[in-house]
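To start, the structure under review is shown below, and the notes come after it.
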Amino acid sequence: MLSNGLAEDELFSFLSSHKKEDIDHRYILSSMCTLPHPVAIRAHCMFMETNLGDPGLFPGTATLERLLVERLGTLFHHKNAGGYATSGGTESNIQALRLAKALRPRTCPNIVLPESVHFSFKKACELLCLEMRSVPLGADRRMPADKAAELIDENTVCLVGVAGTTEYGMVDPIADLAKIAAQHDVFLHVDAAFGGMVIPFLSRPIPFDFSLEGVTTIAVDPHKMGMSTIPAGVLLTREPDMLDALNIDTPYLTVKKEYTLAGTRPGAPVAGALAVLDYLGVSGMKAVVAGCMKNTERLIAGMKTLGIEPAATPDVNVATFACTRAPAPWKVSWTRNGHLRIVCMPHVRSDSIEAFLKDFGDMHA
Ligand code: PLP
């Protein structure tokens, strides 16, 4: 620590020099996060000091959290869903599995999940001492429901399906998984961290939510396609009070029990997430998602023209390709199978897609 503080000008010029080292969003084609919507930034700034970890001190902010859960529950066909605001998909997935384990005590618990899950499940299984039973994907890069059913046994506490996979943008057959979960009486957690803010707004939505009987919990991240400020995730539960199973005593706070994983929790991104939903409404979100899907389709068509085949036909705005190089200064990513991966987030404009295609074509010329 410095022995004497810096002058404010000096401090901020130091901070801005480092901010300049960050990549310009114009070139970021690899991220599932995006530039926050202006109303999210404004709402975030209003609630900067709020702490949902001690909600009795911030009852207004706590109401916004309940409203966010209600808005998303309603969007997912269950107005009375329970839930709370997490730091993102990782925390939501950990908490969903923690809940499944708490409500289904088994001596050697296991979970059944697709090979395509986000790596947060590996963290969750390590933390919770759960055996991870991974189902190989079908040729369509989705988890075959019958193969998942074969791995379920009396020690299975949860089946997991992904609605919008991180690497290839696929939606697992959640309706089939929901039937299997109901038949075997196991929880079904749907990781819709990415797809949850895309699928309901598609011209042809794919069933993945509480409208399916067997779905127990859903993870959705407003800080991804919801254009909120970071960190904003939400875990939703079918039963409104389900999370109480995780309660521990918190004697010195304004509430005497808490089921969240984090203690101190920011209210600012919760206000940001709600602000975007209420500002855009369903019609505004449909327009954003339609733009992202159009860019995804254009990118796939443009790459085909350049002789590069897509690695999948995605359900959401993630495009992947069979190729090994990409031009600078674009920041793309690579899947574990070595495919080029581009996420057409709201900050990725159609002119960026055209510029990328041009640079890609020049590089391969
Ligand atoms: N689940 C899915 C499907 C994801 O794509 C991601 C991140 O990209 C996560 C979970 C983890 O989310 P976070 O990084 O917000 O913890």
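First residue of the sequence shown? That's 792 in my numbering, and the numbers climb one at a time after it. Heads up, the beta-carbon is just placed ideally off N, CA and C, and yes, glycines get one too. Nothing here was measured: the structure is a model prediction, and the numbers come from that model.
| Item | Value |
| --- | --- |
| Three CB pairs or more closer than 8 Å across the segment 906-922 and the segment 867-885 | yes |
| Beta-bridge partners of His980, as assigned by DSSP | Val951, Thr1008 |
| Contact test: Gly879 Cβ vs the ligand PLP heavy atom, cutoff 6 Å | yes |
| Supposed contact pair Pro1137 and Met1018 - C-beta distance, whole angstroms, cut 8 Å | 6 Å |
| Beta-bridge pairing of Phe1151 - partner residues as DSSP gives them | Looking at the DSSP assignment, Phe1151 forms no beta bridge with any residue, so it has no partner. |
| Ala984: CB within 6 Å of a non-hydrogen atom of the ligand PLP | yes |
| Rounded distance between the beta-carbons of Gly1005 and Leu979, thought under 8 Å | 5 Å |
| Thr852 beta carbon less than 7 Å from that of Gly1157 | The chain is shown only over 792 to 1156; residue 1157 falls outside these bounds and no answer can be derived. |
| For Ala1110, the nearest candidate out of Val977, Asp1035, Pro1101, Val962 (CA to CA) | Pro1101 |
| Sub-7 Å separation of His816 and Phe1001 beta-carbons | no |
| CB-CB length for Val951 against Ile902, believed under 8 Å | 6 Å |
| Proximity of Pro1105 and Asp1150 at Cβ, strictly below 7 Å | no |
| Alpha helix (DSSP H) runs wholly inside the segment 883-944, at least 4 long, in chain order | 911-919, 936-942 |
| Contact check, Lys1077 vs Phe992, beta carbons under 7 Å | yes |
| Any non-hydrogen atom of the ligand PLP closer than 6 Å to Met823 Cβ | yes |
| Reference Lys1085; option with closest CA among Ser1141, Ala831, Trp1121 | Ser1141 |
| Lys870, DSSP secondary structure in three states | coil |
| Thr947 Cβ short of 6 Å to the ligand PLP heavy atom set | no |
| Where Phe1112 falls: helix, strand or coil (DSSP) | strand |
| Collapsed DSSP secondary structure at Leu855 in the structure displayed | helix |
| For Arg1132: DSSP bridge partner residues | Thr1111, Ser1124 |
| Check: Thr957 C-beta below 6 Å from any heavy atom of the ligand PLP | yes |
| Those residues which DSSP pairs with Thr1048 across a bridge | Note on identity: in this sequence residue 1048 is Lys, with Thr being the wrong assignment. According to DSSP, which records beta bridges pairwise, Lys1048 is partnered with Asp1040. |
| In DSSP terms, what Thr876 is bridged to | Inspection of the sequence shows that residue 876 is occupied by Ala rather than by Thr. Partner(s): Val1025. |
| Ile819 - partner residues in DSSP beta bridges | Lys1122 |
| Extent of the continuous alpha helix (DSSP H) to which Lys1077 belongs | 1059-1096 |
| heavy atom of the ligand PLP below 6 Å from Ser911 C-beta | yes |
| Rounded C-alpha distance that separates Pro850 from Ile1039 | 21 Å |
| Asp963 Cβ short of 6 Å to the ligand PLP heavy atom set | no |
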